[in-house]
Each structure stands twice: as C-alpha cells, then as structure tokens.
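Structure below.
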C-alpha cells in the first residue's frame, strides 16, 4: 500500500526529471508566471486552485484560472502594437525605397554615357534584372505581411464558418486568397481579395513595364576608342582627282599649280553643301561622323545687315563700322576612320582641328562703281587710289581678286573684292590665313604647303578659267572669280567687313573640309573606334511614374493596413501559436484527421460551428460558437 501511495506521490519524467505532486510542490517566490494573490497561511492546496500547473492537471481549477490568471502576452496594448506594426512596415517600405532608388540610379548612370563598351550590356542587364527581382520579391513579401495583419481584423467583423475562417487565416498566399474570393459571399471580404490581388498583379505588371522604358542600341552618336592604327586624310596636297579628269601631278609645274587652284576653288563651292554651326557646338573627340550634321563652325554670329556700310551689334556686343577691321573665322574638325580591312567600320571626330581666319577692310568706290569699267577709284583712308580690274562684269555680282605673285605665302593670302552697285559700291581688302592643326603630334597630322598655300585665296582662284584680256596659262597669272548676286559668295556685304570676311573664310574652310573628305587616306597611330552600345531611355516620364507609384502606393497600403489592423490584437502566425489558437476548435476532431485537408477538417468540425475573433479579457481571442452559443473554456480545453 505504501508502495502504491509512493508511486502516486512521485513520477519520473524522461531524462530523469522528478515531478512532485501538487500538494507537496513549493512555488518559488521569484518565479515568473501568473500572479498569485493568496495568503501565506493558506495551505498549498488552496493556492493550487489559483495557479496554472505544468502538470496540465487543471480539471478542478480551469474556470478559476481563466478568471484570475493573466499573462503578459495576453494583454492588448494598442499603442505598443501600433508602434511595432509601423516599424515593421517602415522597414519594408525603406527596402522598397532603396531598391527603387538603385534601379533609378542604374538607369541614370548608364544612360548618361553617349557610348558604352559591349561588355557593359551584360553588366547593365544583370544589375537591372537583379534589382527588379529583389524589388518584386520585397513588394510581394510586404503585401503578404499586410494581408496577415488584416486577417485578424477580418475575423473580428462577423462569425465565419470554419472553412471560411481557415481561408482567411491563410489568405496571405495568392492562390488561397483567390480561393477565398471564390468561396466567400461577404462583400467586404471580396473587396479585400480584389484589392490585394490587384496590388499583387499591378506591382508585377509595373515592374515588367519598366523593361520597355529603355532600349540598348548600338551607339550611333559616339564611339568607344582604344589605341591602334586609324585611317586619316592625307593633307600633304590638294588632290583634285575628284574634279579633274587627268592625273593630278604632271611633269608640267604650271599645270600642277593651276589644277590645285582650280581644285581649291571647286572644293570651296562644293563645301556650301555643308551645314554650319557655332564653334560652341564643335563635336567632341569620339563623335561619330554624320553627314547631316554641321561640318564647319563659325566664331561668332554675323552682325545685323546694314545698307550704309556700318555693321550692327553682334552677339558679343562689339560695335563694328566700315572703317574698322572685322575678323571672322571658321573651324573644321578632322575625322579618323577604322582601317579599310577592319571588321568594324566607322568614322569619328578627332581632337585635331584647323581654323581659317579672315579680316576685311571696306572702302567706298568713288568712280566706276557700276561694274562697267576696268578702272575704279577707291577712297583708301584720306587718299583716293585707282584700282585696275581684269574684267568688267557689270553689276549684281562680286568680283574676287588675288595676285599669287605678291599677295600670298604658304599660309596667308590677300584677297580683294569689288562689290559694284549703282548707288553704294564697295571695295574690300581681306587678309586670309589658315592656322596650324591643333593637337597635331605626328607628321601625318600636318598640312603640307601645297595644301595651305591654295586654301586661303580659294574664293578668288581660277586655274584654267577663261580670261577676257588674253592672259596666258602661267603660274603668276592674276586670279579672279566672279559670283552672281544670287549665289552664296555673290551676296552683297554692303560695306560690312565682317560679312565679307565671313564669305572669304567660309570658302577657305569649305576647301579644307571638302579636301579632307575627298583626299585619299593614310594610316597613322591614333584612337581606333570600337563597337559600342548606348542605353536610350525612351520616356523618362514613364520611369518616374512607375518608380513613384511603386513607392507611393506601397506607403499608402502600409499605412492603411496598419491603422485598420491595429483595431484588434494582431497575433503572430507561427505554427505553434496558430495551433494553440485553433486547438479548442478542433477539440471534437479525432486524431485520424491529422492527415485530412482543410476542407475535410471543416466538415468534421460540424455545420453549426462558427468562429469570430473577439475581445476576451485583456486581449482578443478566437471565440467558438456552437449552434449560436459561445463556448467558454472547459476543463478539457488546454491553456494557450
């Protein structure tokens, strides 16, 4: 008998732990757990009636425990929960902000370059795809967390059948949410499903649309270079093979000189097909050649037109008159190409350029200004001087004059111009010079004297042109050209030295540009153009909209979900906590249902059972209604 009593008084748990009976167990004073308010004089049996025991033997004290025992996690502190929910949502939102900023930064950084090496294509795609996938996962995770927080609020709205409550508690999963929307007949639940399904799909569609806002194209404006051999124009001589039917160089020196003069003049007129622009728009080294872009670049804008010989104010506010020297210049940028046998062919601007400058003085013609006389009288300062013209071509034209014997050297020439008129004739004396090639570091970069000697006076050179006064074909012939007033070089300058300087320097710059494009090429060390790509953002506005809506809408969803969910106690959905919460609901379900599906278990619970998440004590709990009556805790209900 004593043995049996002893066995009832003691029990040995696994791992050798001895479990004492309730009547003899002493509860430590500092133990953490339920608060016990009992007198020290009361027997331990009385205190056991108000204390939850680890033995699980609570059949005789379950009801009193529910009313007198309170755990810290059972109380609902709305302000503390709101702070916790806001911090979690803020952390998720900040991750979205960082990822969106990273995507925006990658697009901005790669699109800022006019050209990128081919290897950058793989690098860019890897970054964008990785960031987009990370952003997609973060948005999906955030929406899932919002749905989990709102589940408790949905459960608190009304009583649900076990099957519907089970779907609500698992609605963070996309397929389960769709199943919930199909199963439920409650409008608010359907709205909840529609909103979150739309947000999930919309966020993924928005991120997918981000991929159509940019294109990776071959670079068509700028080139990537590396040291190597390049093909450049041979500027040692003016090559007239494109305008002459016979070989350029012959044994007859006279024919060579005149062919160069003729070629220089023709190239000067051919260059009128080139567009011009301000020198501020000079192409940067590496800019790909485009025949539709300007080829020559002027120094300043021309002054306003004037009929009395005085110039208006130019863009640099310099006041010019007919007696003051007026300078004007044009600049040409040389191009470099890949070798003829290269697998990739392209032409790009180099860092080398040349400038042609002209400065013209204008003088009034006193006698013979109508263009019908070979002798004219010109007011040169305080004195009047006579000038002799090789030909009298009448009015409505401009006659350009040049004496190669006395008005030229290797880089400079003097060009005179006669502008006949019945009312206001003018005579111009222009100094034209071609500068050195900027950034020329190789002999192949330097222009030869057979090139620079004939470029400055190109507008007046004649070569084999006919002569009205019987001049023979000699290298010392006085050169002249007449241009009708309807042509570019025949337009009247009306006494403006700057306008005449613009015409003379433009013809010389045209000769340089046309010759550089027409001459044969030679190979020289330089920076070889390479295949390159360019990131083109088709519509930055679409990028702003997608990124902005992604960040803004998620913030609104977070705030709305937190404020709504905070109306009830939000529980952590883990396996153990959820099992503890649902255990009373499954009290009547046998152990054989462990392998059953949720829909089958809902049928086993019964048709008359409904559940609702309601305030219980200091917090919220899942209340079970059987046939409309709330089922309170029974001795068979284990503590949660």
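In the UniProt record's numbering, the protein residues as written are 1 to 640. Heads up, the beta-carbon is just placed ideally off N, CA and C, and yes, glycines get one too. Owing to the predicted nature of the structure, the values given are computational and were not obtained by experimental measurement.
Can you tell me the Cα-Cα spacing of residue i and residue j, whole angstroms?
i           : j           : result
residue 326 : residue 484 : 24 Å
residue 210 : residue 91  : 24 Å
residue 615 : residue 607 : 24 Å
residue 104 : residue 216 : 16 Å
residue 503 : residue 117 : 42 Å
residue 229 : residue 266 : 31 Å
residue 126 : residue 132 : 10 Å
residue 546 : residue 206 : 6 Å
residue 331 : residue 414 : 19 Å
residue 234 : residue 444 : 7 Å
residue 422 : residue 489 : 20 Å
residue 626 : residue 186 : 21 Å
residue 567 : residue 155 : 12 Å
residue 33  : residue 192 : At residue 33 the pLDDT is 40, less than 50, meaning the model places this residue with poor confidence; the figure from the coordinates comes in the next sentence. Answer to the nearest angstrom: the Cα atoms are 39 Å apart.
residue 351 : residue 440 : 9 Å
residue 189 : residue 175 : 15 Å
residue 426 : residue 378 : 8 Å
residue 525 : residue 341 : 16 Å
residue 487 : residue 397 : 9 Å
residue 622 : residue 135 : 36 Å
residue 308 : residue 370 : Below a pLDDT of 50, predicted positions are generally treated as unreliable, and residue 308, at 46, falls in that range; no measurement from the model is reported.
residue 457 : residue 343 : 41 Å
residue 279 : residue 122 : 38 Å
residue 605 : residue 558 : 35 Å
residue 505 : residue 542 : 48 Å
residue 409 : residue 112 : 47 Å
residue 420 : residue 429 : 15 Å
residue 4   : residue 584 : Here the model assigns residue 4 a pLDDT of 44, short of 50, so the residue's position is not dependable, and the following value carries that caveat. Taking the straight line joining both Cα atoms gives about 35 Å.
residue 83  : residue 149 : 14 Å
residue 141 : residue 586 : 30 Å
residue 563 : residue 194 : 20 Å
residue 98  : residue 179 : 34 Å
residue 88  : residue 589 : 37 Å
Report yes if the CB atom of residue i is closer than 8 Å to the CB atom of residue j, and no otherwise.
i           : j           : result
residue 645 : residue 288 : With the chain covering 1 to 640 only, the question about residue 645 has no answer from this structure.
residue 498 : residue 302 : yes
residue 501 : residue 360 : yes
residue 528 : residue 226 : yes
residue 610 : residue 161 : yes
residue 416 : residue 236 : no
residue 384 : residue 372 : no
residue 196 : residue 147 : yes
residue 274 : residue 391 : no
residue 682 : residue 153 : As displayed, the chain neither begins before 1 nor continues past 640, which places residue 682 out of reach and without an answer.
residue 169 : residue 151 : yes
residue 261 : residue 462 : yes
residue 571 : residue 158 : no
residue 521 : residue 201 : no
residue 328 : residue 299 : yes
residue 389 : residue 460 : no
residue 569 : residue 619 : yes
residue 561 : residue 163 : no
residue 437 : residue 264 : no
residue 286 : residue 222 : yes
residue 239 : residue 518 : yes
Do you know whose CA, among the options, lies nearest residue i's CA?
i           : options            : result
residue 404 : 257, 178, 350      : 257
residue 338 : 298, 224, 428      : 224
residue 540 : 95, 94, 98, 107    : 107
residue 642 : 79, 82, 213        : Limits of the chain in this structure are 1 at one end and 640 at the other, which puts residue 642 out of reach.
residue 220 : 114, 159, 452      : 114
residue 555 : 597, 77, 143, 122  : 143
residue 93  : 139, 182, 394, 548 : 139
residue 399 : 374, 386, 380, 407 : 374
residue 406 : 369, 436, 453      : 453
residue 348 : 329, 122, 295      : 295
residue 218 : 268, 182, 346, 180 : 346
residue 110 : 141, 380, 535, 548 : 535
residue 120 : 99, 77, 552, 531   : 531
residue 442 : 376, 167, 523, 382 : 523
The ligand NAD and residue i: does the residue's C-beta get closer than 7 Å to at least one heavy atom of that ligand?
i           : result
residue 273 : What this structure holds is no ligand at all, so the ligand NAD is not there to describe.
List, from N- to C-terminal side, the alpha helix (DSSP H) runs of 4 residues or more that fit wholly inside the stretch 490 to 533.
Listed in chain order, the complete alpha helix (DSSP H) runs (minimum 4 residues) inside the stretch 490 to 533 are 497 to 518.
Please list the segments of the alpha helix (DSSP H) lying wholly inside the stretch 162 to 225, counting only runs of 4 or more residues, in order along the chain.
Runs found: 162 to 169, 174 to 183, 187 to 209.
If you pair each beta-carbon of the stretch 505 to 519 with each one of the stretch 348 to 357, do three or more pairs fall below 8 Å?
yes
Any chance you could list the beta strand (DSSP E) runs of at least 3 consecutive residues sitting entirely within the stretch 333 to 390, in chain order?
347 to 367, 375 to 380, 383 to 388
Runs of alpha helix (DSSP H) lying entirely within the stretch 533 to 621, each at least 4 residues, in chain order:
540 to 565, 575 to 582, 598 to 605
Kindly provide the ranges of any beta strand (DSSP E) runs that are 3 or more residues long and lie completely inside the stretch 399 to 438, ordered along the chain.
412 to 419, 426 to 434
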